[in-house]
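These protein sequence lines map, in sequence, to chains A and S. Under the numbering used here, the letters of the first sequence match residues 1 to 145, in that order. Under the numbering used here, the letters of the second sequence match residues 1001 to 1139, in that order. Below is one structure, written out as structure tokens; the observations come after it.
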Amino acid sequence: MQLDTLHFTPLASLSGGALIGLAAGGFALLLGRIMGVSGIVGGLLSRGGQGDRAWRLSFIVGLLAAPLVWQLGWRLPDIQVAAGPVTLVVAGLLVGFGTRLGSGCTSGHGVCGLARGTLRSLIATMTFMLVAVVTVYIMRHVLGA
Amino acid sequence: MKSSLTAGLLGLLFGLGLLLAGMANPAKVSGFLDIAGLWDPSLALVMVGGICAATGLLAWAGHRQRSLLGLPMQLPKPGKPDSSLLLGAALFGLGWGLAGICPGPALLGLATGETAFVPFVLAMLAGMGLYTLLPTPRS
Chain A
1 MQLDTLHFTP LASLSGGALI GLAAGGFALL LGRIMGVSGI VGGLLSRGGQ
51 GDRAWRLSFI VGLLAAPLVW QLGWRLPDIQ VAAGPVTLVV AGLLVGFGTR
101 LGSGCTSGHG VCGLARGTLR SLIATMTFML VAVVTVYIMR HVLGA
Chain S
1001 MKSSLTAGLL GLLFGLGLLL AGMANPAKVS GFLDIAGLWD PSLALVMVGG
1051 ICAATGLLAW AGHRQRSLLG LPMQLPKPGK PDSSLLLGAA LFGLGWGLAG
1101 ICPGPALLGL ATGETAFVPF VLAMLAGMGL YTLLPTPRS
């Protein structure tokens, strides 16, 4: 293992993380729910829950507005997508289905669940982290993609 | 109305946090997941910052009967891990590893205008829709 000191952004990542945690904590405290993106979006696609639609949509609109608001003060960070279209479709299907089956993603399990110290979220986070690390290892160092 | 406005503002705060943290860039996410290569540990700090900021607020929320806006508390009760949790998390991990994109940054990336996020988000929504077609909803 070698540290990528060129791209390491300790302060920005720590403070960005704090904003994410603040949003997650505020979400639970004000709305009484877990701020998990897969659950909020997935809830719009499942039957029932008509009364839930407004706040779900509103959360998504707020999230989508972030790059616009960001650009009032700063330049958008570099965004590089290395994967090709086929990989993106396969990955998107896996992420969409997997997060619903596993009841959460990086925000719901990785931040909210770990902050609450629940066993389910700890197991889920360790599982998706491990599988993701192994996947990248195989892609980059075995297949050499 | 009040809950929608709150959810919108919290969505915005979440999105700004993702941008500041570097989570909007799939290449940075992959750089974190690639522990055998040139490793960028930034995303570990995103989790540390997120968990630290959320812990106190979530504990406070956990002790309340109703939310500060007077809504019923719907935080999930602690439960045992089951096969759906493990399989779902594994499939998610595979997809996350393949593209370096998870659901929040996927929507955020779409909003930056970067077209590479379009196939990912459409497929992600299809995957979520597919889940609702499962014959046995999770218990």
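All C-beta atoms in this analysis are idealised placements derived from N, C-alpha and C, irrespective of residue type, glycine included.
Report buried or exposed for residue i, applying the criterion of at least 16 other Cβ atoms within 10 angstroms of its Cβ.
i         : result
S/Pro1026 : buried
S/His1063 : exposed
A/Ala40   : In the sequence under discussion, the amino acid at residue 40 of chain A is Ile, which differs from the Ala named in the question. Answer is buried; the Cβ neighbour count reaches 16.
S/Ser1083 : exposed
S/Ser1139 : Any reading at S/Ser1139 is ruled out, since the residue's pLDDT is 47, under 50, leaving its predicted position unreliable.
S/Ala953  : Given a span of 1001 to 1139 for chain S in the structure shown, any question on residue 953 of chain S remains unanswerable.
S/Ala1036 : exposed
A/Met129  : buried
A/Arg33   : buried
A/Gly51   : exposed
S/Trp1096 : buried
A/His141  : exposed
A/Met1    : exposed
A/Asp78   : exposed
S/Lys1077 : exposed
Using a Cβ cut-off of 7 Å (strictly closer), state whether residue i contacts chain A.
i         : result
S/Ser1139 : Reliability of the predicted coordinates at S/Ser1139 is poor, the pLDDT of 47 falling under 50, and the value obtained from them is presented with this limitation in mind. Closer than 7 Å: no.
S/Ser1083 : no
S/Phe1032 : no
S/Pro1078 : yes
S/Thr1006 : yes
S/Gln1065 : no
S/Thr1115 : no
S/Pro1119 : yes
S/Pro1072 : yes
Starting from residue i and walking both ways along the alpha helix (DSSP H), at which residues does that stretch end?
i         : result
A/Met139  : Premise fails: A/Met139 is in no alpha helix (DSSP H) and is neither H nor E.
A/Thr106  : Premise fails: A/Thr106 is in no alpha helix (DSSP H) and is neither H nor E.
S/Met1128 : 1117-1132
A/Ile20   : 10-31
A/Pro67   : 53-70
S/Pro1103 : 1103-1111
Report yes or no: is there a C-beta of chain S within less than 7 Å of the C-beta of residue i?
i        : result
A/Leu45  : yes
A/Ser58  : yes
A/Arg53  : no
A/Leu143 : no
A/Gln50  : no
Flag residue i as yes when its Cβ comes closer than 6 Å to any non-hydrogen atom of the ligand GDP, and as no otherwise.
i         : result
S/Glu1114 : In the structure on display, the ligand GDP does not appear, and there are no ligands present to speak of.
**Report entry** Residues of the stretch 24-38 of chain A whose Cβ lies closer than 8 Å to any Cβ of chain S, in chain order
**Finding:** For the stretch 24-38 of chain A, the beta-carbon criterion of a distance under 8 Å to any beta-carbon of chain S is satisfied by Ala24, Gly25, Gly26, Phe27, Ala28, Leu29, Leu30, Leu31, Gly32, Arg33, Ile34, Met35, Val37, Ser38.
Requested in this report: Please list the residues of the stretch 6-22 of chain A that have a C-beta atom closer than 8 Å to any C-beta atom in chain S, keeping them in chain order.
Outcome: Going along the stretch 6-22 of chain A in chain order, one finds His7, Phe8, Thr9, Pro10, Ala12, Ser13, Leu14, Ser15, Gly16, Gly17, Ala18, Leu19, Ile20, Gly21, Leu22 with a Cβ nearer than 8 Å to chain S.
**Report entry** Under 8 Å (Cβ pairs) to chain S, residues found in the stretch 70-81 of chain A
**Finding:** Residues passing the 8 Å Cβ filter: Trp70, Leu76, Pro77, Asp78, Ile79, Gln80, Val81.
Query raised in the report: Contact between the stretch 63-74 of chain A and the stretch 1058-1074 of chain S: three or more CB pairs below 8 Å?
Result: The stretch 63-74 of chain A, when compared against the stretch 1058-1074 of chain S, does not touch it at the 8 Å Cβ threshold.
Query - Given 8 Å, three or more beta-carbon pairs between the stretch 125-143 of chain A and the stretch 1121-1133 of chain S - result: No: fewer than three Cβ pairs fall under 8 Å.
Report task. Quick one: which residues of the stretch 81-108 of chain A get their C-beta closer than 7 Å to a C-beta of chain S? List them in chain order. Result -> Of all residues in the stretch 81-108 of chain A, only Val81, Ala82, Ala83, Pro85, Thr87, Leu88, Val89, Val90, Ala91, Gly92, Leu93, Leu94, Val95, Gly96, Phe97, Gly98, Thr99, Arg100, Leu101, Gly102, Ser103, Cys105, Thr106, Ser107 place a beta-carbon less than 7 Å from a beta-carbon of chain S.
Query raised in the report: Using 8 Å as the Cβ pair cut-off and three pairs as the minimum, do the stretch 88-101 of chain A and the stretch 1041-1055 of chain S touch?
Result: Put simply, the stretch 88-101 of chain A does not touch the stretch 1041-1055 of chain S. Fewer than three CB pairs are less than 8 Å apart.
Requested in this report: Check whether the stretch 1002-1013 of chain S touches the stretch 52-67 of chain A, counting contact only when three or more Cβ pairs, one atom from each stretch, lie closer than 8 Å.
Outcome: Counting C-beta pairs closer than 8 Å gives three or more between the stretch 1002-1013 of chain S and the stretch 52-67 of chain A, which meets the contact rule.
Query raised in the report: Are the stretch 113-127 of chain A and the stretch 1104-1117 of chain S touching by the rule of at least three beta carbon pairs closer than 8 Å?
Result: Because the criterion of three Cβ pairs below 8 Å is not met, the stretch 113-127 of chain A and the stretch 1104-1117 of chain S do not touch.
Query - Validate contact between the stretch 109-116 of chain A and the stretch 1007-1019 of chain S using beta carbons, cut 8 Å, 3 pairs - result: Contact annotation: the stretch 109-116 of chain A does not touch the stretch 1007-1019 of chain S, with fewer than three C-beta pairs closer than 8 Å.
**Report entry** Against chain A: residues of the stretch 1098-1113 of chain S by CB proximity under 9 Å
**Finding:** Within the stretch 1098-1113 of chain S, the residues whose Cβ lies closer than 9 Å to any Cβ of chain A are, in chain order, Leu1098, Ala1099, Gly1100, Ile1101, Cys1102, Pro1103, Gly1104, Pro1105, Ala1106, Leu1107, Leu1108, Gly1109, Leu1110, Ala1111, Thr1112, Gly1113.
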